[in-house]
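First residue of the sequence shown: 1, per the UniProt record's numbering; consecutive thereafter.
A short write-up of the structure that comes next.
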Amino acid sequence: MSNRFVLLPLIILFFSNCSKENSENKDALFSKLDASQTGIDFINEVKNGADMNIFKYRNFYNGGGVAIGDINNDGLSDVYFTSNLGTNKLYLNKGNFKFEDISKKAGVQGTKTWSTGVVMVDLNADGLLDIYVCNAGNSLGDQQKNELFINNGNNTFTEKAAEYNLADTGITTHAAFFDYDKDGDLDVYILNNSFIPVSSLNYSNKRDLRDKDWDVAEILKGGGDKLLRNDNGKFVDVSEKSGIYGSLIGFGLGVTVGDVNGDLYPDIYISNDFYERDYLYINNKNGTFTEQIQGWTSHISQSSMGADMADVNNDGKADIFVTDMLPEPDERLKTTTNFENYDLFTRKVNLDFYTQYMQNTLQINNGNNQFLEIANHAGVAKTDWSWGALLFDMDNDGYKDIYVCNGIFNDLTNQDFVDFFANEFMQKMVVTGKKEEIQTIISKMPSTPIPNYAFKNNKNLTFSNEAIKWGLDTPSFSNGAAYGDLDNDGDLDLIVNNVNMESFIYRNNSQKNKNNHYIKVKLKGEGQNKFAVGSVVELFSGKEILRQELIPSRGFQSSIDYVMTFGIGTKKIDSLQVIWPNGKFQTIKKIANNSTLNLDITNAKVDYVPKIVKSKPLFTEKKNQFLAHKENNYVDFDHEGLISKMLSQEGPSLAVADINGDGNEDVFIGGAKGQAGKIYLNKGNGNYSVTDQKDLDADAIFEDTAASFFDADNDGDIDLLVGSGGNEKADQANYKNRLYLNNGKGVFVKSKTNMPTTKNNVSVIAPNDFDNDGDIDVFIGSRSVPGVYGIDPKHLLLENDGKGNFTNVTDKKAFKINSVGMITDAIWEDIDNDSKKDLILVGDWTAPMIFKNNGRRLVEFKSNLSGYLGFWNAVSCVDLNNDGKKDLILGNKGTNTNYKATSANPMKLFTNDFDNNGTIEQIATRSIEGKDLPINLKQELAKQIPSIKKKNLSYADYSKKTFQELFAKEVVDNSIQKTVNIQESVIAINKGNGKFEVKALPKEVQFSCVNTITTMDVNNDGILDLILGGNQYEFKPQFSRLDANYGSVLLGSKNGTFSWLPYNQSGFFIKGEVKQVKIVKDKNKTVSIIAVVNDNTPKIFRRNE
1 MSNRFVLLPL IILFFSNCSK ENSENKDALF SKLDASQTGI DFINEVKNGA DMNIFKYRNF
61 YNGGGVAIGD INNDGLSDVY FTSNLGTNKL YLNKGNFKFE DISKKAGVQG TKTWSTGVVM
121 VDLNADGLLD IYVCNAGNSL GDQQKNELFI NNGNNTFTEK AAEYNLADTG ITTHAAFFDY
181 DKDGDLDVYI LNNSFIPVSS LNYSNKRDLR DKDWDVAEIL KGGGDKLLRN DNGKFVDVSE
241 KSGIYGSLIG FGLGVTVGDV NGDLYPDIYI SNDFYERDYL YINNKNGTFT EQIQGWTSHI
301 SQSSMGADMA DVNNDGKADI FVTDMLPEPD ERLKTTTNFE NYDLFTRKVN LDFYTQYMQN
361 TLQINNGNNQ FLEIANHAGV AKTDWSWGAL LFDMDNDGYK DIYVCNGIFN DLTNQDFVDF
421 FANEFMQKMV VTGKKEEIQT IISKMPSTPI PNYAFKNNKN LTFSNEAIKW GLDTPSFSNG
481 AAYGDLDNDG DLDLIVNNVN MESFIYRNNS QKNKNNHYIK VKLKGEGQNK FAVGSVVELF
541 SGKEILRQEL IPSRGFQSSI DYVMTFGIGT KKIDSLQVIW PNGKFQTIKK IANNSTLNLD
601 ITNAKVDYVP KIVKSKPLFT EKKNQFLAHK ENNYVDFDHE GLISKMLSQE GPSLAVADIN
661 GDGNEDVFIG GAKGQAGKIY LNKGNGNYSV TDQKDLDADA IFEDTAASFF DADNDGDIDL
721 LVGSGGNEKA DQANYKNRLY LNNGKGVFVK SKTNMPTTKN NVSVIAPNDF DNDGDIDVFI
781 GSRSVPGVYG IDPKHLLLEN DGKGNFTNVT DKKAFKINSV GMITDAIWED IDNDSKKDLI
841 LVGDWTAPMI FKNNGRRLVE FKSNLSGYLG FWNAVSCVDL NNDGKKDLIL GNKGTNTNYK
901 ATSANPMKLF TNDFDNNGTI EQIATRSIEG KDLPINLKQE LAKQIPSIKK KNLSYADYSK
961 KTFQELFAKE VVDNSIQKTV NIQESVIAIN KGNGKFEVKA LPKEVQFSCV NTITTMDVNN
1021 DGILDLILGG NQYEFKPQFS RLDANYGSVL LGSKNGTFSW LPYNQSGFFI KGEVKQVKIV
1081 KDKNKTVSII AVVNDNTPKI FRRNE
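Okay, here's the thing in structure tokens:
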């Protein structure tokens, strides 16, 4: 929600409530029950008034929460709602989905003006659930104090927050009760939302300054989060000494508790709105926490709201889902969204606010203190202005699904409303001197209810929105939500708190599916933790682990039922294990389907000791003496406003060869602009020493983007050819190919012969004696024309005269290569078994291409690969299935992107001087219902092509326009057009005669791009395996970044298929943008892997024999 409230004083547009309830689907998974059926008639009515409105209180539309729990121990779970301006409500479950409103007589309506979060928790250890209510609002004094309703055991409650020291006045969003110090009682994390105006902070990083120490008015203090330790029933603030931040830059909207590192101590994830980054507090097991979000994640949500923690892939590890506010429909995206520019994004990163993007995040736990963020791959990144996030098994198939509440009662970020009508009102105020009434302005804001999302788990780390099919698609303004089995039929029902409309009461009908079964678990604790909060229950089924952790506070401002319901589908459960809060565990076997287990902590007698599986990984990282690659400071977007990613950071290059004949392969690592490339001699045993190379040092001005060792002058030693690249249009003189000749003593002297060059951004150097005359010729491919993306660069086929003099024979012997496009990689391999190596090319916005070598020239080799148009980055060619024919491994962009090109919905790139001003622009489109829609927002496109703005298109009009409708037919027809229809990295099995069978590599490979491919038999089973490197960071902020790969080792099989090896087994783990990976061999037959990383230090991994 980073930019939305800066615009509030200007907001105006017509108000229209288009909420319309869909007719009930009788066969849907969920049935929405109305108040006449249930007796629950709760509405969180929020109306703007003179003293309380969206202008005076930033969180006016954040809504209320829901708590589910059995307050009278009758075996039926009851429901509590918080209200912002009205009274809170408690509904007693009478059975069969009939509820009674006992709020008033129970004494739990609350006396404060603005309630937010709620959690049911037994604080006095009498076996009865109490109710803790969080309060906020803009009223001063006692109105912001939180309330604690102690259960009297007779369906009445007594408010005693002050007695427990829990009457916090910190503008609280939510609270989570858990035993962080393992002393047997429940402590609490109080999540507060700073009241300070965001615009007054100017991205100030005062994270370490506690709220009480800020030099601001007292009314603005009290926003810092708090950790309170339970000391014999009194809660004591231990925040500062426990390592919990308590600054006014913390705008907390979600607190999620769970064990992320498997040490059985609860950790804490805090979702922060606006510019402050989220916090991940790792429990140090000594009463303190260490905040480690930057160590565990590669990026996070920008406007983090609700969150939940659960295991979505049944591997026994806690994953994390966080909501943001990115719309999915193209029209809504273009009418309500404005992304940060790259400069602001970089500024925030430099100020230690980390890499944040406007999108939901799904952090998959690797089990090695690292998460992989794959929300785009999973299909769950875009759910609009979202609040509650719940991970639970909605259809009892044994896999946790995702439910997301969304909607904002007034579209505060509607761009038309900001851009046009606001100016009109401001002008009117200037002319008349009169201010418009607040209610008049507010009434003109658009109001668009949105269906919530119900993502079905597809069991492969992808999800499908089944809201319509499951009966959960009523447009609404939903905030808090909670789940529990309200009718005791073995499935989880759902309660949703809405703004200005009746709450949703959804009955789950999973019990009608007789194939899907369940197991329910009810835990009885001891001492001061009667409900066994913090217990972990695991069901084992083959290799799968169905895991739940008993932490009631979840989602947004809500808490779930204490009875744990496991959908198991058709799985056979081998055993059930409970790890209790006291460190004991018990195992239950022979569990009947569709049964409820009542388990008591006193029956657990054995201490739980986490299983530590010690396995020797295939590779071990070794320390090295390599210098770090250091990029120069250049921002492509300042010069090419419509490109989505930078092309100026393609290095470092890497080449490997034994340059001094000692049997150890040596290494060249290219430098960035202003940094000389270096040659390192391999001394054996993983030791390298840098050599003194004056001619390389003298050429530090060049950016080394490609390199290759080979004997260029036929003198029996290894020479070095280096290609220059980058994307700085003004540096035309620096795009040169440079040949350095080995003087026979390991000193490389720059050749006096000028190598042919295209002055383009060189991407690959591929040497090969293509004409079989005994000397090495070279293909040099280019990635792009510097400063003009989308225009095809030139490439070179250079013929060697045998003395190191090269002639450009491209037109004469490989004419077709002139038009192959933006090349990223090239290799020479014999693809047709005629004993001549052919040239295989891949590139950006193109298909893999093969040029047959007939001994005289290169001619186009037709294949069915011509239909696979991709963002190809890398190619390797080996015989994967031992059939005697060379197959291809092709590295692509992957599917963890916010736009996905497919054969049914391709992406296109149109390049032209669209406004005839002498500057080339690039417009990328995606296909929606067969139409080419620009991916650019209106404001972005208009900045580069002012004619868009001159047409006076409203944002709503622009959102519907195709590329072809924005420009004249002549302009469209004259544009260079490129297409992509596949993003998966694949293998292509050679069937002969130009026919290839294309298969996607494992899903883990698709989490990011593949930049480099190496093949070797890593486990000595006689079958080739794959080693891949990837990631790409430098995108515009709206495109997030590709960072969900830490290197991949894929084990091959006899039939040419591959399986991904977990990091703890491979040992091959690299953070960053891996540009090249190559094998290095020593004379003692030791095998190492070297990986070069953009703007970072190279890595060396030694194979463990």
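From the three backbone atoms N, C-alpha and C, an ideal C-beta is built for every residue, glycine too.
From a predicted model like this one, the values you see are computed outputs, not experimental measurements.
Close-in-space but distant-in-sequence residues of the same chain around residue i (CB under 7 Å, 5 per side omitted)
i    : result
S16  : For S16, the predicted model reports a pLDDT of 27, less than 50, meaning its position is unreliable and no value from the coordinates is stated.
V919 : Correcting the residue identity first, residue 919 is Thr in this sequence and not Val. Once the five neighbours on either side are set aside, the close Cβ partners of T919 are D913.
D397 : N516, G567, G569
Inter-residue spacing [alpha-carbon to alpha-carbon] between residue i and residue j
i    : j     : result
Y518 : M564  : 10 Å
N72  : I282  : 36 Å
N22  : D122  : Bear in mind that the predicted position of N22 carries a pLDDT of just 38, short of 50, making it unreliable; the figure below should be weighed with that in mind. Rounded to whole angstroms, N22 to D122 spans 39 Å at the Cα level.
G663 : K1085 : 9 Å
D697 : N737  : 15 Å
I935 : A924  : 6 Å
T297 : M309  : 15 Å
D711 : I791  : 33 Å
S103 : I300  : 40 Å
K400 : S763  : 44 Å
S2   : L201  : Any reading at S2 must be qualified, since the residue scores a pLDDT of 48, below 50, and its modelled position is unreliable; the value itself is stated next. Using only the alpha carbons, I get a separation of about 12 Å.
K590 : Y483  : 28 Å
G222 : Q964  : 54 Å
K145 : Q109  : 14 Å
T620 : K1099 : 11 Å
Q292 : Y279  : 7 Å
L486 : G95   : 8 Å
Beta-carbon contacts of residue i that lie in its chain and below 6 Å, excluding the five residues immediately before and after
i     : result
Q693  : I679, F748
E631  : Q649, A672, D1095
S1059 : L1051
Other residues of its chain near residue i: CB distance less than 8 Å, five sequence neighbours each side excluded
i    : result
T290 : G243, Y281, I282, N284
N124 : D130, I150, G233
G774 : N714, G802
D830 : K836, K837, D838, K886
Beta bridge counterpart(s) of residue i as assigned by DSSP
i     : result
K1078 : I1090
I270  : V255, Y279
C1009 : According to DSSP, which records beta bridges pairwise, C1009 is partnered with nothing at all.
L29   : Paired residues: none, contrary to the question.
M849  : L841
V778  : P767, L798
C877  : L888
S103  : Bridge partners of S103: none, in fact.
Spatially closest choice to residue i from the options, by CA coordinates
i     : options                : result
I441  : I1027, A50, V119       : A50
I989  : N1055, E965, Q964      : N1055
K605  : F585, H795, K978       : F585
K32   : F477, V236, I505       : I505
D493  : E984, E997, S77        : S77
A592  : G306, F566, T846, D208 : F566
F477  : I374, E970, I43        : I43
Y1033 : I1027, L1042, F851     : L1042
D126  : A378, D185, P610       : D185
I171  : D142, D179, N873       : D142
A733  : E703, D384, S751       : E703
K611  : P767, L796, G316, K645 : G316
F1069 : K1083, S1053, G1030    : G1030
Integer Cβ distance of residue i from residue j, believed to fall under 8 Å
i    : j    : result
V380 : L391 : In fact, because the Cβ distance is near 10 Å, the residues do not count as touching under 8 Å.
G250 : N272 : 6 Å
A901 : V980 : 4 Å
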